[in-house]
Amino acid sequence: MKMFYAGHWRDGTNQVQVANPYDGSVVDTVPQASPEAVEAAIAGAVAGAAEMRKLAGYERFQILRRAADMLLERQQELGRLISLEEGKTLTEGVFEVTRSAETLELSAEEAKRLGGEVLPLDGAPGGAGRLGFTLRVPCGVVLAITPFNFPLNLVCHKVGPALAAGNSVIIKPASDTPLSALRLVEILLEAGLPPTGIACVTGSGGSVGDLLCRDARIRKISFTGSADVGRHICQTAGLKRVTMELGSNSPLIVLGDANLEKVAAAVVATGYGNAGQVCISTQRVIALANVYQDLVELLGPRVAAIRTGDPLDPLTQMGPMIRERDAARVSQWIEEARAGGARLVCGGERSGTHFAPTLVADVRPDMRISCDELFGPVVGMTAAQSIDEAIALAGDSRYGLSAGIFTESLDAALRFAREVDSGNLHINWGPAWRADLIPYGGLKESGFGKEGPRYAVQEMTEMKTVIIHGL
Ligand code: NAP
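Quick note: the sequence shown uses my numbering, first residue 1227, plus one each step.
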């Protein structure tokens, strides 16, 4: 595919291959943007921001609404493309398209709601006889930098609110999965978006991404990806607004009164989706000692039964990991844990990008499979002696994106919600659950700022205060 900027589809001199993680076959190629292309994309987006600002909220609503419908019309085709470039199963790919349409629909609604507030100036000394109100205006040019693991919906979570708020957007998609983002651009143009309102420049984050982040004409960066890259972007961005949606090692606490059948179902559903490559995937199960061994025994066969294989086969439940080097890293972390005394309950085998669904018991909190972000199809289990210890272990992380607890006790659940510092907290389900309308974002090194269209438009607009004197 070509990239799109300054109102036109364009080629580059160097092409980058997009490979299918399942078998390494080439799905397509995209250009590597040159520094001149990046400059032209930014200049085009500056012109686009002026044009977008003139569009009425209702027109922005109509464009996004149409685009949401078009995503649904092309659900199967797009779901297949997501599966081919990312490696998730076709079922997961098609579901991602449904969610993407919902994200654009929610964004469309926000385009109609960008209001301000009247300020009660007569409540201030000397304020009588004046009228004050606030206005929300677009930031200008928004840069959306996205990761590989949800190549359509996470792009929609940035592009939808940015356009709803009247900005122009430059997308820098992940190099492993740029095709779904480029197809989204086609759809938005077909839905009537002014061509300079959107750009998608492809190429490596270290070159293309860095040039974009440093440029002062970009007023807002919305980044989703790893904490290391996020930290680098914060250091290079200069004086502009940033939202950071970063990684995690999400915990799930299981108390002694939990229904273990439900826990096992939740761990399978929230620990192995997209081969564990979900930022809120269940990584650490912390179970009280009186149910710990029973849970290990219940979970082992269920994890081993997760069916792996060709992502396009409707019977496949888990596809490959994105890159061989990441699968090799996961292997190495498991071997380190085993050498340190952890017990492999099932899985652990690797072949290229394919990693078997894995359960590891007797994990110590200082092992890398516990304290770092694993991002693979592995859940580690740790026993705790009390709720105090379980809550302390869950919170003992530099990350804080999502956490869960299984208990029948309302007191325990509320204590968990108050004491575990995490952006999302799930009671009686695993950490990997999200509806696209909720305020979503992390604490600590999991980032700052919220996504969810209603919240993202706040971060992609500026507030002005207007005072009329002498009334
Ligand atoms: P990544 O390596 O951090 O890359 C994310 C994006 O940043 C890619 O588009 C990448 O481009 C770009 N990038 C790399 N270096 C850059 C630089 N110097 N300047 C500007 N951009 C740069 O992450 P990933 O492997 O794609 O995704 C996995 C990570 O994303 C995990 O840590 C996961 O937890 C996190 N994530 C978080 C959330 C959330 O909502 N909190 C959601 C999903 C994923 P290239 O691809 O060209 O390198």
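Ideal placement from N, C-alpha and C gives every residue a C-beta, glycine not left out. None of these values were measured; they are calculated from a predicted model.
Secondary structure of C1505, DSSP reduced to three states: In the sequence shown, counting from the first residue as 1, residue 1505 sits at position 279. C1505: coil per DSSP, three-state reduction.
Buried or exposed (CB count within 10 angstroms, at least 16 for buried), L1297: The count along the sequence shown starts at 1 and reaches residue 1297 at position 71. Buried is the call here.
Helix, strand or coil at W1655 [DSSP, three-state]: Position 429 of the sequence shown, counted from the first residue, corresponds to residue 1655. Three-state DSSP puts W1655 in coil, outside helix and strand.
Environment of M1607 [buried if 16+ CB atoms lie within 10 Å]: By 1-based counting over the sequence shown, the position of residue 1607 is 381. By the 10 Å Cβ count, M1607 comes out buried.
Spatially closest choice to E1634 from V1489, D1647, D1598, by CA coordinates: Your numbering for residue 1634 matches position 408 in the sequence shown. Closest option to E1634, Cα to Cα, is V1489.
Where V1529 sits in the DSSP three-state scheme: To locate residue 1529, count along the sequence shown from 1; it is residue 303. In the structure shown, V1529 sits in a helix (DSSP, three-state: H, G or I).
Exposed unless 16 or more other CB atoms sit within 10 angstroms - verdict on R1510: Position 284 of the sequence shown, counting from 1, holds the residue named residue 1510. Classification for R1510: buried.
C1505 Cβ short of 7 Å to ligand 1 heavy atom set: Sequence index remark: in the sequence shown, residue 1505 carries index 279 (1-based). Result yes, Cβ under 7 Å from ligand 1.
Touch test, the stretch 1517-1528 against the stretch 1552-1559, Cβ-Cβ under 8 Å, three pairs minimum: no
Option in L1361, R1339, W1655, L1330 with minimal Cα separation from L1345: Here residue 1345 corresponds to residue number 119 of the sequence shown, with the count starting at 1. Of the listed residues, the one whose Cα sits closest to L1345 is L1361.
Touching by the beta-carbon criterion (3+ pairs, under 8 Å), the stretch 1580-1592 and the stretch 1452-1469: no
Beta-bridge partners of M1296, as assigned by DSSP: Looking up residue 1296 in the sequence shown gives position 70. DSSP lists no partner for M1296.
C-beta atoms of E1575 and A1568 nearer than 8 Å: In the sequence shown, the residue the question calls residue 1575 occupies position 349. In the sequence shown, the residue the question calls residue 1568 occupies position 342. No. Outside cutoff.
Start and end residues, beta strand (DSSP E) containing K1338: Stepping through the sequence shown from its first residue, residue 1338 is reached at position 112. Element bounds for K1338: n/a, residue is neither H nor E.
Host alpha helix (DSSP H) of T1360 (start-end): Stepping through the sequence shown from its first residue, residue 1360 is reached at position 134. First-last for T1360: 1357-1364, but that is the beta strand (DSSP E), not the alpha helix (DSSP H).
Beta-carbon proximity check, S1628 vs S1476, cutoff 8 Å: Along the sequence shown, read from residue 1 onward, the residue named residue 1628 stands at position 402. Along the sequence shown, read from residue 1 onward, the residue named residue 1476 stands at position 250. The answer is yes: Cβ separation under 8 Å.
DSSP three-state assignment for A1554, whether helix, strand or coil: Along the sequence shown, one-based indexing puts residue 1554 at 328. The answer is helix: DSSP assigns A1554 an H, G or I state.
Cross-strand partners of F1674 (DSSP beta bridge): Reading the sequence shown from its first residue, position 448 is the one you call residue 1674. Answer by DSSP bridge pairing, in chain order: M1470.
C-beta atoms of P1657 and L1478 nearer than 8 Å: What you label residue 1657 is simply residue 431 of the sequence shown in a count that begins at 1. What you label residue 1478 is simply residue 252 of the sequence shown in a count that begins at 1. Going by C-beta atoms, P1657 is nearer than 8 Å to L1478.
Uninterrupted alpha helix (DSSP H) stretches inside the stretch 1262-1312 (no shorter than 4 residues): 1283-1299, 1301-1312
Sub-8 Å separation of V1264 and V1256 beta-carbons: For the purposes of this step, residue 1264 is taken as residue 38 along the sequence shown, with counting starting at 1. For the purposes of this step, residue 1256 is taken as residue 30 along the sequence shown, with counting starting at 1. Contact flag unset, no.
Distance cut-off 7 Å: N1500 Cβ against heavy atoms of ligand 1: For this step, residue 1500 is matched to residue 274 along the sequence shown. No, Cβ of N1500 sits at least 7 Å from all heavy atoms of ligand 1.
Burial state of K1446, where buried means 16 or more other Cβ atoms lie within 10 Å: Taking the first residue of the sequence shown as position 1, residue 1446 is located at position 220. Per the 10 Å Cβ criterion, buried.
Simplified DSSP assignment, three categories, for Y1703: With the chain running from 1227 to 1697 in the structure shown, residue 1703 is simply not present.
Opposing strand residues paired with K1398 [DSSP bridges]: On the sequence shown, residue 1398 is found 172 positions in, with the first residue counted as 1. I1371.
Own chain residues within Cβ distance below 6 Å of W1235, not counting five before or after: Translated into the one-based positions of the sequence shown, residue 1235 becomes position 9. Within the same chain, W1235 has close Cβ partners K1228.
Buried or exposed by the 16-neighbour rule on C-beta atoms within 10 Å, applied to G1305: Counting from 1 along the sequence shown, the entry for residue 1305 is found at position 79. Result: buried.
Cβ separation of V1605 and T1691, assumed to be a contact under 8 Å, to the nearest whole Å: Position 379 of the sequence shown, counted from the first residue, corresponds to residue 1605. Position 465 of the sequence shown, counted from the first residue, corresponds to residue 1691. No, V1605 and T1691 are not in contact; Cβ-Cβ is about 50 Å, not under 8 Å.
Buried versus exposed call for E1599 [16 or more other C-beta atoms within 10 Å across all chains shown]: Residue mapping note: residue 1599 aligns to position 373 of the sequence shown, counting from 1. With 16 or more Cβ atoms within 10 Å of its Cβ, E1599 is classed as buried.
Touch test, the stretch 1656-1676 against the stretch 1363-1375, Cβ-Cβ under 8 Å, three pairs minimum: no
Residue environment, Y1284, which counts as buried when at least 16 other CB atoms sit within 10 Å: Taking the first residue of the sequence shown as position 1, residue 1284 is located at position 58. So Y1284 ends up on the exposed side.
Contact test: A1400 Cβ vs ligand 1 heavy atom, cutoff 7 Å: Along the sequence shown, read from residue 1 onward, the residue named residue 1400 stands at position 174. Yes, Cβ of A1400 sits closer than 7 Å to a heavy atom of ligand 1.
Inter-stretch contact (C-beta, 8 Å, three-pair minimum) for the stretch 1403-1412 and the stretch 1334-1345: no
Straight-line Cα distance separating Y1498 from Q1543: As a first step, residue 1543 is located in the sequence shown; it is residue number 317 there, counting from the start. As a first step, residue 1498 is located in the sequence shown; it is residue number 272 there, counting from the start. About 9 Å.
Proximity below 8 Å, CB of A1385 to CB of I1371: Along the sequence shown, read from residue 1 onward, the residue named residue 1385 stands at position 159. Along the sequence shown, read from residue 1 onward, the residue named residue 1371 stands at position 145. According to the sequence shown, residue 1385 is Val rather than Ala. No. Outside cutoff.
Nonlocal neighbours in the same chain, by C-beta distance under 6 Å from I1289, ignoring five residues either side: For the purposes of this step, residue 1289 is taken as the residue at position 63 of the sequence shown. Once the five neighbours on either side are set aside, the close Cβ partners of I1289 are A1417, G1418, L1419.
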